[in-house]
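Participant: My questions will all concern the structure given below.
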Amino acid sequence: MAAKYLLEHGHRRIGFATERQITEGEADRCADGLRLHGFRRACMEKGLMWSEQMVVFGEDLERLRNFTGIVVSSDYYALALMDILRHRGVKIPEELSIIGFDDILMSHFSSPRLTTIHQGVPEKGILAVQQLLRQIRGEIVEEKDIRLPVRIVERESVKTLIDSSKRV
434 MAAKYLLEHG
444 HRRIGFATER
454 QITEGEADRC
464 ADGLRLHGFR
474 RACMEKGLMW
484 SEQMVVFGED
494 LERLRNFTGI
504 VVSSDYYALA
514 LMDILRHRGV
524 KIPEELSIIG
534 FDDILMSHFS
544 SPRLTTIHQG
554 VPEKGILAVQ
564 QLLRQIRGEI
574 VEEKDIRLPV
584 RIVERESVKT
594 LIDSSKRV
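Have a look at this one:
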């Protein structure tokens, strides 16, 4: 959803940033791995050539300059990147558009305010507690993947590009 959002706003040089490298064993189980998988799938569906060079781990910030838009694995990391980049003179979203995940409270107050993917965190918590209570009661609880609806919260950190071949 985040990658498609950037692509719909004219970005063709997009990347994915996460705090740490995702191991093969984690790729299908952790949130960052699932988000990276969705990013990769969206790029390929839109005809972009997939490359591992589209993924930036940790402090490899110089590579961010290769992109016009970046999907960041969490709002916490997105806000940290925005702060670091601002101190290096990079203008968000004029020079680099950023979209995060989680819609944390701080994303409402950043400058610019962070565009993000909203998840129903309270609903996730309720489902987790319900599962835990079943286990405590001795019920057999199947391991299952539960995916809740998400939505884009448009704020100020993504710029619409007219000509995505040029860095604005």
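For the sequence shown, the tail end lands on 601 under our numbering, and the numbers increase by one without skipping. C-beta atoms are modelled at their ideal positions from N, C-alpha and C, and glycine is treated no differently.
Take V583 as the anchor and find which of K557, E528 and S590 has the nearest alpha-carbon.
Facilitator: Minimum Cα distance to V583 is reached at K557.
Participant: Give me the Cβ distance between V489 and A450, rounded to the nearest whole Å; I'm assuming they're in contact under 8 angstroms.
Facilitator: Indeed, because the Cβ distance is near 5 angstroms, the residues count as touching under 8 angstroms.
Participant: By the DSSP assignment, the beta strand (DSSP E) with D536 in it spans what residues?
Facilitator: Taken as a continuous stretch (DSSP letters only), D536 belongs to no beta strand (DSSP E), as it is neither H nor E.
Participant: Tell me, please, which residues DSSP counts as bridged to S530.
Facilitator: S530 pairs with G502.
Participant: Along the chain, where does the beta strand (DSSP E) containing V523 start, and where does it finish?
Facilitator: V523 -> no beta strand (DSSP E), and no H or E assigned at all.
Participant: Please determine, among E492, G448 and R446, the residue with the shortest C-alpha to C-alpha distance to A513.
Facilitator: Nearest C-alpha to A513: E492.
Participant: Helix, strand or coil, according to DSSP, for H444 in the structure here?
Facilitator: The answer is coil: DSSP assigns H444 none of H, G, I, E or B.
Participant: What's the call for L566, buried or exposed, on a 16-neighbour Cβ count within 10 Å?
Facilitator: Classification of L566: exposed, given that the 10 Å Cβ count is below 16.
Participant: Kindly indicate the opening and closing residues of the beta strand (DSSP E) around R474.
Facilitator: Per DSSP, R474 belongs to no beta strand (DSSP E); it is in the alpha helix (DSSP H), A464 to E478.
Participant: State the DSSP-derived secondary structure class of R567, mapped to helix, strand or coil.
Facilitator: R567 falls in the helix class under three-state DSSP.
Participant: Do you know whose CA, among G533, S507, S506 and R446, lies nearest R496's CA?
Facilitator: Nearest option by C-alpha distance: R446.
Participant: By how many angstroms is the C-alpha of R570 removed from the C-alpha of L439?
Facilitator: Cα to Cα, the separation comes out at about 46 angstroms.
Participant: Taking the alpha carbon of V554 as the reference point, which residue from I537, R588, D578 and R546 has its own alpha carbon closest?
Facilitator: Looking at the Cα atoms, I537 is the closest of the given residues.
Participant: If we call anything under 9 angstroms between Cβ atoms a contact, is S543 one with S590?
Facilitator: Yes, these two residues count as a Cβ contact at 9 angstroms.
Participant: So, at 8 angstroms on beta carbons, what are the nonlocal neighbours of Y510 in its own chain, with the 5 sequence-adjacent residues on each side left out?
Facilitator: Within the same chain, Y510 has close Cβ partners A450, T451, E452 and G533.
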